Every structure is written in structure tokens, then in C-alpha cells.
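Here is the structure we will look at.
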Amino acid sequence: MSKVNIAVIGAGWWCTEFHLPYLNSLENVNLHSVCRFGNSELNLVKEKFNFTFASEDYQEALSYDDLDGAIISTPHTEHFKCAKKALENNLHLIIEKPMTLKSEEAKEIYEISIKKNKEIIIPYGYNFTHFMDKAKEYIDENLLGEIKHIDGSMSSPTLDLFGGKGLIEAKDHTFQPLSTTWSDPEKGGGYAWGQTSHLIGAIFKLIKLTPEKLFCFHSESPTKVDYTNAVSLLFKEGATATISGCAYLPKGKEEHIEIKIHGTKGALFLDIEPYRERLTIKVEGENIEYDMKGDGALTYSTNPAIDALVSACEGKIINHGSNALNGYKTVQVLDAMYRSMNSKKLETVY
454 MSKVNIAVIG AGWWCTEFHL PYLNSLENVN LHSVCRFGNS ELNLVKEKFN
504 FTFASEDYQE ALSYDDLDGA IISTPHTEHF KCAKKALENN LHLIIEKPMT
554 LKSEEAKEIY EISIKKNKEI IIPYGYNFTH FMDKAKEYID ENLLGEIKHI
604 DGSMSSPTLD LFGGKGLIEA KDHTFQPLST TWSDPEKGGG YAWGQTSHLI
654 GAIFKLIKLT PEKLFCFHSE SPTKVDYTNA VSLLFKEGAT ATISGCAYLP
704 KGKEEHIEIK IHGTKGALFL DIEPYRERLT IKVEGENIEY DMKGDGALTY
754 STNPAIDALV SACEGKIINH GSNALNGYKT VQVLDAMYRS MNSKKLETVY
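What follows is the structure in C-alpha cells.
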């Protein structure tokens, strides 16, 4: 069997707990090269997951001619330079969310991916589910008509993570979450970058609208990053949206995403809170109920995103809606949100 050669850049907490165990289980994948800082930690990862090569230099790890794809799972601040180098080396990519921390960088990555004809996958786990695919199908079939308003909310039990105290759920993992990645305002810390990005990425899988301007209120953690987000957003097409993110969910409670999309002909209601999941289309005279099969937040997985990367490396592109354009548009909104948090003014999305 011919194997796909994959490089992994940034083998920290998330990557070693979620990406690498699954990658290492795939018979058609060869874990070719890995990069992370710390010689002893690097050797641990190399031996545990059977990598052929290991380096603390991302350019070296991406330099091998026989590579087909790469996963960029570094701290947020390093996504752009690592992804750009990987694209220049003609690799298909998974880039962990957020794709970059600046709109202009996201645009550059998007444009290079088109020029190089390389697939970029942002592993928003919910975007790869059957219920998100069905929701998009309903919208593409024009059951809602012209979209006029979107209401999206997300909450998760992450006060500790964004407050600089680590993450209690990771206490027995191989590595701990790097505190600065999540709780340092100068290094891409904050709830919007780390969590609300999932919600925005889900919205941009479902709709094709163009964000124009927004205002964002927020509350701060002890480390001066956002614990909450309250966004009012206007699209160029005239539609409006509210986007809400919140870290104040008690520990032991599953994260929750809810999306409501209203149009001139009907409305879509998607709720993935465990044990009350629903996908409903409300049109005049009837409701269309889709069987969620009990699948919701507890079914979150990045494995389908990895499958999409491997498939792209084999020459088969999967239409999953979590591509470079989604990553770019999501960063556009996130960038404007943080500018609004700092300026306390309405900001243009660019």
C-alpha cells in the first residue's frame, strides 16, 4: 500500500492527545517528520508516534521532498509562517483554528492555497458532522429564502484555561496546554480566538454572506483576555447577526453551540446541547425535523478533518466546508472583534 507522508508542526497538548493517536492508527499514513521545542519532549513524541525524522526547526521538518501534507498545530502566533512555508513546499494542510491572527495574513494564506492548488482544512470538529451537512443542504435548497438574521451562541467550561490556570481536564495528558497560547493577550489568547472561532466557522459553513462591520463587548479574565464575547454584526448583503461566546459554563458540563438562521421563507434551528439535540426547519404550515440521532457536542472529533487531509494527499478533495475560505472569513470577523474590544468602537471587517 502506498502511504501518505505527513509532517506535524507543533506537537503539544492538543496535537498529541487528539491528532497524533488517530494519525498513528491509519495504515495509509506515514508520520514522516515532527517539530516542537524541547529536545527531550521532541524525542518522546518521535518515539511514541513512530516519526522518521524530528527537529526543533519547522523549516527542516517541512523540507523533505517526499512529504504530501502537514498539520500546523503550533501556538496561534506561529500559524502564519509555518503554513506559508508548507504551502511554498506544495503541501496540503490542516491548520488549527484560528487560521492566523490577522486578516491580511489569512488572505495571503488563502490566496497562496489557490495559486498552489493545495487544500487547506480548518479542523472545526462540528463542521464535519452529518447534522451540519444536513443543515447546509436545507439552506442550499433555498428552504429559508433570503437570509436576514443569524443568532449564534457558544459556551464552554474554560475559565481556568483562559484565566491562566491550565485546564483541569488535561491534568493526565502527555503535555499540558501552553498557558500563553490561551491566556496571554499578546499571543492570541482569549475566548474568541480559542472557542468562538468554532461557532463562527460553523456559521460560515452554512452561509455565503460577506461580513462588513461589527461591534464587540467583552468581559476580561485575570490575565486580560476575553472571557465573553457579545457581537453585533452587519453583512454587506444587509443581513444581521448576533454572536455570543462565554467561558462561564460550570466544570463537568458539556459545551454548547446553538445556531438560528432566519430567512424570508423559513427559519433553521440547530442545537447541539447533549440530550436535547435538534435540527428543525420552520416554514409556513409545517416543521421539518431532522433526526439528530443523539449526536451533539459529545460527538466532537477532529478525525474527519484528518481523513480529509489524507484524502486530499491521495488526490481526492472532500467538500467539507471547512476550507481556506472559511478560515479566512472567520479570521476577518475575529480580527475585527479584537479591534473592537480594544477600541470600544464599531470596526470595519477587512
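In the working numbering, the protein residues as written are 454 to 803.
Even glycine gets a Cβ: it sits at the ideal position worked out from N, Cα and C.
The model shown is predicted, which means the values in this text are computed figures rather than measured ones.
For threonine 663, count the other beta carbons within 10 Å of its own beta carbon; 16 or more makes it buried, fewer makes it exposed. Which is it?
So threonine 663 ends up on the exposed side.
Please classify glycine 654: does DSSP put it in a helix, a strand, or coil?
helix
So glutamate 708 and serine 609 are supposed to be a Cβ contact under 8 Å. How far apart are they, rounded?
4 Å
Going by alpha carbons, who is nearest to threonine 611 out of Tyr579, Phe657 and Thr681?
Thr681
Can you tell me where the beta strand (DSSP E) with histidine 545 in it begins and where it stops?
545 to 548
Can you list, in chain order, the residues of its chain whose CB lies under 7 Å from that of threonine 527, leaving out five sequence neighbours each side?
Ile462, Gly463 and Cys535
6 Å Cβ shell around serine 606 - same chain, five flanking residues per side excluded
Ser697 and Glu711
Where does arginine 489 sit, in a helix, a strand or coil, going by DSSP?
coil
How would you write the range of the alpha helix (DSSP H) that proline 757 sits in, first residue to last?
756 to 766
In this structure, how does DSSP classify valine 859 when only helix, strand and coil are distinguished?
Past the edges of the chain, shown from 454 to 803, lies residue 859, and the structure says nothing about it.
Beta-carbon proximity of alanine 460 to alanine 507, cut-off 7 Å:
no
In angstroms with no decimal places, state the Cα-to-Cα distance between isoleucine 725 and phenylalanine 581.
Rounded to whole angstroms, the separation of the alpha carbons of phenylalanine 581 and isoleucine 725 is 14 Å.
Please classify glycine 647 as buried or exposed, where buried requires at least 16 other C-beta atoms within 10 Å of its C-beta.
buried
Rounded to whole angstroms, what is the Cα-Cα separation between asparagine 483 and isoleucine 562?
Roughly 26 Å separates the two Cα atoms.
Determine the burial state of asparagine 458: buried for a count of at least 16 other Cβ atoms within 10 Å of its Cβ, exposed for fewer.
buried
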